[in-house]
Amino acid sequence: MTDTPEPGEIDLDTITLSQSVIAVNDRPRAMTHPITRDLSRREADILLRSYREPGCFPEAVRRLAMRHLLVLVGEEETGKRLGAIALLSRMSLAESTISVLSPAATAPQLLSATDYGPGQAYVLHDWIAAGAERIELVNLARKLAELGSYLVITRNGVPSQAVEVEQPWCAPDPGELFDLCLSTYGRRAGTGAEQLAAARNQALTLPTPAAVVRLATRLVRDGEPAR
């Protein structure tokens, strides 16, 4: 992929450790097509290489498996986008490909104007539709369940009244995320124990997973997994 990714797309040509956390465009704009691209299992595995599950993850897996639709709600840069991909990777699917939907799709469009295949996985990052009715989301969940398909949506903000399908999201432990980044990619030659300890202490004070990964990136090899 050589062009600049469209909103909702994931550019995987030059993924580094930091890009594995911030792999989806931050500023979605309106799109006319309901499905913007497909994400292969290999691409998903690359994105999840240094993913650390937050404390809310097991409950989210259980609820997605039961409801087939889950809306991850929380503050920006808390790992919702990678969390959505990680959740879908836990589901039993007919195909491992994940279809990425447009963030501009409304609830009625998701319910009636999107062609869902049986046993398929779908993700919608940074949903910008406002005022979705609870009953629309419940009906969408029912439709997906009938098909054996799954959809995870991420949304910034606070939970709404659609409690059946919404999951408040939290960030992973920053120290554990920092450790995982180093163990996955291997620390750079010449990095001493004192420098690592100081960096880990700094990681504990950082506000977002993306900031932790940016810090870890400065201490690891050139974006390749440790062997």
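Residue 58 in our numbering sits at position 44 of the sequence shown, and the numbers go up by one each step.
All residues carry an ideal CB built from backbone N, CA and C; glycine is no exception.
Residue j beta carbon less than 7 Å from that of residue i
i	j	result
Leu102	Tyr164	yes
Thr120	His139	no
Arg63	Leu194	no
Ala212	Val226	no
Leu125	Asn170	no
Pro186	Pro72	no
Ala176	Arg148	yes
Beta-carbon proximity list for residue i, same chain, < 8 Å, skipping 5 on both sides
i	result
Leu196	Leu210, Ala230, Leu233, Val234
Ala100	Leu62, Tyr65, Glu67, Phe71
Gly189	Arg214, Ala217, Leu218
Leu220	Pro188, Val226, Leu229
Chain-order list of residues whose beta-carbon lies under 7 Å from that of residue i (same chain, five-residue window excluded)
i	result
Ala158	The displayed chain sequence assigns Leu, not Ala, to residue 158. So the list reads His82, Leu83, Tyr130, Tyr164, Leu165, once near-sequence residues are dropped.
Pro122	Glu150
Arg77	Leu84, Gln181
Lys94	Leu86, Gly88, Thr168, Trp183
Ala108	Pro132, Gly133, Gln134
Thr205	Leu233
Ala79	Met105
Residue i - partner residues in DSSP beta bridges
i	result
Glu208	Glu208 pairs with nothing; no bridge assigned.
Ile167	Val85, Leu138
Val234	Arg201
Gln181	Leu86
Residues near residue i in its chain [Cβ-Cβ closer than 6 Å; skip 5 each side]
i	result
Glu180	Val85, Val87, Pro173
Ala155	Arg81, His82, Leu83, Val179
Gly162	Pro132, Gly133
Arg104	Val75
Thr222	Glu91
Arg55	Ser110
is_contact[residue i, chain D] using C-beta, thresh 7 Å
i	result
Thr120	The chain labelled as chain D is not found in the depicted structure, where only one protein chain is given.
Point to revise | Uninterrupted alpha helix (DSSP H) stretches inside the region 36 to 114 (no shorter than 4 residues) | key: 55 to 61, 71 to 81, 94 to 103
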